[in-house]
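Everything on this sheet refers to the single structure shown next.
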Amino acid sequence: MNSSSTNTSFTSYSAIASALLLFLLLNNTPTHAQLSSTFYDGTCPNALPTIRTSIRQAVSRERRMAASLIRLHFHDCFVQGCDASVLLDEAATPTSERTALANAGSARGFEVIDAAKAEVEKICPGVVSCADVLAVAARDASFAVGGPSWTVKLGRKDSTTANVDLANSNLPSFRSNLDELIANFARQGLSERDMVALSGAHTIGQAQCFTFSERVSSNGSNIDAGFASTRTRGCKNANLAPLDLVTPNSFDNNYYKNLIQKKGLLNSDQVLFSGGSTDSIVSQYSSNPSTFKSDFASAMIKMGDIIDPATSQNGVIRRICSALN
């Protein structure tokens, strides 16, 4: 074979290999669905105001619920896409994601979503998916505690399955290091900036002591000694501690200021500012709250677009979010 033929063959092989690699990447990356903010305008025009009223009432009763609802949406979208699979309880499926390590004993707000869905069912039975109710609830919960609002795209379907194994592998751990977090978010099509912005949801809410007891007792160089002592004493008196010690019930940028002061509660918080590639983003958000809130809203929209094609094609509208039809 002459050199021209060899070069042609090599070029053809390279093209085939590149096409195969692209195919594999596309088929292992979550799909970003074609959703629409006007999806229910004709079929259930009062769906969003109904959900908003229900969520405002729930957050008014317990301000911490805002953090729980945002987290619930996050934990839904990272497993099989945003399909309400996290809402299915153990009576509905033995593979309930509620039993996953990152959810068991800590995921909450299920009854709030069930209540919001029930109100929507009264006006538009069988029309609005639980996945959409949860996405809207996360937005309304953010706004209720001073966080940003955003235009929620709608049209998701509900899955008929849950996957506890995928939940255990896909949901970030409080022990994760920076490289693990970056890889975890990248698998969902989310960038480092998206990751740091979404982590800012920890400006509200609380964590159980076992998730940070090792960090605060380590006497490491990446934790403020006074902060560690305070949190250690706090764990002796209660099972929960605020993720943001300064303004735990307000959605602001103090979370990032805490990280710069080495006062991140969880290891997975502090690694965002530990000499790595995300330090500059943390610094920017700590000094510019409007940029943080804008990026948080954009990242929530991007995360909400993650859809499993199988659910998009074969999904259902569950009448009760915790149960199968």
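Under the working numbering, the residue at position 313 of the sequence shown is numbered 313, and the numbers go up by one with no gaps.
Glycine included, each C-beta is placed from N, C-alpha and C at the ideal position.
Would residue i pass as a contact of residue j if the rule is Cβ separation under 9 Å?
i: Leu-181; j: Ser-286; result: no
i: Ile-307; j: Leu-48; result: no
i: Val-86; j: Ala-137; result: no
i: Thr-113; j: Leu-69; result: Per the sequence shown, residue 113 should be read as Ile rather than Thr. Contact flag set, yes.
i: Gly-205; j: Ala-67; result: yes
i: Ile-370; j: Lys-262; result: Residue 370 lies beyond the range of the chain shown here (1 to 325); nothing can be said about it.
i: Glu-119; j: Ser-191; result: no
i: Val-282; j: Leu-259; result: yes
i: Thr-203; j: Leu-243; result: yes
i: Ala-207; j: Ala-241; result: yes
i: Arg-108; j: Leu-154; result: no
i: Ser-173; j: Met-300; result: no
i: Gly-315; j: Lys-122; result: no
i: Ser-298; j: Asp-140; result: no
i: Phe-78; j: Cys-321; result: no
With a 10 Å radius around its C-beta and 16 neighbouring C-beta atoms as the bar for buried, classify residue i as buried or exposed.
i: Arg-215; result: buried
i: Val-246; result: exposed
i: Ala-105; result: Note that residue 105 is Gly in the sequence shown here, rather than Ala. The residue in question, Gly-105, is exposed, as its Cβ has fewer than 16 Cβ neighbours within 10 Å.
i: Asn-325; result: exposed
i: Arg-175; result: exposed
i: Gly-275; result: exposed
i: Gln-313; result: exposed
i: Thr-50; result: buried
i: Ala-91; result: exposed
i: Ser-221; result: exposed
i: Phe-296; result: buried
i: Ser-159; result: buried
i: Ser-218; result: exposed
i: Thr-311; result: buried
i: Asp-165; result: exposed
i: Asp-83; result: buried
i: Arg-231; result: buried
When DSSP labels each residue in this structure, what does residue i get in the three-state scheme?
i: Gly-81; result: strand
i: Leu-69; result: helix
i: Pro-49; result: helix
i: Asp-305; result: coil
i: Ser-169; result: helix
i: Asp-252; result: coil
i: Ala-207; result: strand
i: Val-120; result: helix
i: Ser-129; result: coil
i: Phe-296; result: helix
i: Gly-276; result: coil
i: Glu-62; result: coil
i: Lys-257; result: helix
i: Cys-321; result: coil
i: Cys-44; result: coil
i: Pro-94; result: coil
i: Thr-230; result: helix
i: Asn-267; result: helix
i: Lys-262; result: coil
i: Gln-57; result: helix
i: Gln-284; result: helix
i: Thr-247; result: coil
i: Leu-87; result: helix
i: Asn-184; result: helix
i: Arg-139; result: helix
i: Ile-223; result: coil
By DSSP's criteria, residue i is part of a beta bridge. Which residues make up the other side?
i: Ala-241; result: Ala-207
i: Val-316; result: Asp-158
i: Ser-36; result: Leu-154
I want to see whether chain B comes within less than 9 Å of residue i, judged by CB atoms only; does it?
i: Asp-76; result: The structure shown has no chain B; it contains just one protein chain.
So, do the segment 143-153 and the segment 87-100 have three or more beta carbon pairs nearer to each other than 8 Å?
Contact between the segment 143-153 and the segment 87-100 is absent, with fewer than three C-beta pairs closer than 8 Å.
Any contact of the segment 249-260 with the segment 275-295, i.e. 3+ C-beta pairs under 8 Å?
Contact annotation: the segment 249-260 touches the segment 275-295, with at least three C-beta pairs closer than 8 Å.
May I ask you to verify whether the segment 232-240 touches the segment 127-136, counting CB pairs closer than 8 Å and requiring at least 3?
Between the segment 232-240 and the segment 127-136 there are fewer than three C-beta pairs closer than 8 Å, too few to call the two in contact.
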